[in-house]
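Input: a single structure, listed below in structure tokens.
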Amino acid sequence: EAQVTQNPRYLITVTGKKLTVTCSQNMNHEYMSWYRQDPGLGLRQIYYSMNVEVTDKGDVPEGYKVSRKEKRNFPLILESPSPNQTSLYFCASSLSTQGGTEAFFGQGTRLTVV
Amino acid sequence: GENVEQHPSTLSVQEGDSAVIKCTYSDSASNYFPWYKQELGKRPQLIIDIRSNVGEKKDQRIAVTLNKTAKHFSLHITETQPEDSAVYFCAASTYIAGAQKLVFGQGTRLTINP
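The following block contains the structure:
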């Protein structure tokens, strides 16, 4: 089954403790991205990747890192989480970097930083 | 950069009536406009999309219209049913620096009253 898989689904952590949210897709998609969803703000892009070893900042990249060592995986790293990073996070992938193709979302990760 | 405004933020309609959600965008280079539905606790999923060379597209009870001159597009749901209750996001896609950039609206929480 074609899918995007994120882990964990829920995470509560303390300020400053490094964490990684994993994302994996099995559709051989070139383009992957991370979004955060906050009430009244919609989905805002954090980082994106056009292919292996090619990543770039989205609209709200501060406090986050990503890597793309393999085509299927695109982990999101919070080196020193802070309470303002409490949010619902979604990973997404799409077939083409050219645009105009459906974005497939993972199940979401609800992160709470205390 | 692209900015997408979505209205209303909440919408309540009687079952069987129609619902309309409107979005405006700022970048005339945007050429792909998808709509996503997010049920409670679930991931966003594509329900319909339209490209800039088309003015209207319909799929059963849902339709999307696009006015490129005015830079706005709308989602129309007819004969609404309880399962239409969800948060709906519009998005506009542009092609920047070799990659698709998808910018989302703030979301509309649609409630269908029985």
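Residue numbers (the numbering used here), protein chains in the order written: chain A, 2 to 115; chain B, 2 to 115.
From the three backbone atoms N, C-alpha and C, an ideal C-beta is built for every residue, glycine too.
About 20 Å separates the CB atoms of residue 27 of chain B and residue 54 of chain B; that is not less than 8 Å, and the two are not in contact. In the three-state reduction of the DSSP assignment, residue 61 of chain B falls in the coil class.
A Cβ-Cβ distance of about 7 Å is found for the pair residue 70 of chain A and residue 53 of chain A, placing them in contact under the 8 Å criterion.
For residue 49 of chain A, the closest C-alpha among the options A/38, A/28, A/76 is that of A/76. In the DSSP assignment, residue 36 of chain A falls within the beta strand (DSSP E) that extends over 32-39. Residue nearest to residue 89 of chain B within the set B/32, B/48, B/33 is B/48 (criterion: CA-CA distance).
By the neighbour-count criterion, in which 16 or more other beta carbons inside 10 Å mark a residue as buried, residue 40 of chain A falls on the exposed side. Just so you know, the alpha carbons of residue 63 of chain B and residue 113 of chain B end up roughly 15 Å apart.
Residues of the segment 13-28 of chain B whose Cβ lies closer than 8 Å to any Cβ of chain A: none. Shown here, residue 4 of chain A sits in coil according to DSSP, grouped into three states, outside any helix or strand. Of all residues in the segment 90-111 of chain A, only 91, 93, 95, 97, 98, 99, 100, 101, 102, 103, 104, 105, 106, 107, 108, 109 place a beta-carbon less than 9 Å from a beta-carbon of chain B.
Contact note: residue 111 of chain B does not reach chain A at a C-beta cutoff of 8 Å; the least C-beta distance is about 15 Å.
Residue 29 of chain A has its alpha-carbon roughly 10 Å from the corresponding atom of residue 3 of chain A.
Residues of chain A with a Cβ closer than 9 Å to the Cβ of residue 41 of chain B do not exist; the shortest Cβ-Cβ separation is about 12 Å. Among the residues of chain A, none has a CB under 9 Å from the CB of residue 76 of chain B; the nearest is roughly 15 Å distant.
The bridge partners DSSP lists for residue 6 of chain B are B/25.
Under the Cβ distance rule, residue 28 of chain A does not count among the residues neighbouring chain B, no pair being separated by less than 9 Å.
Sequence-distant Cβ neighbours of residue 12 of chain A in its own chain, meaning closer than 8 Å and more than five residues away, are 20, 22, 110, 111, 112, 113.
Chain B places a beta carbon closer than 9 Å to that of residue 34 of chain A, counting this residue as a contact.
Within the same chain, Cβ atoms closer than 6 Å to the Cβ of residue 73 of chain B are found at 25, the five residues on either side in sequence being excluded. Annotated as proximal: residue 37 of chain A and residue 91 of chain A, with beta-carbon spacing under 9 Å.
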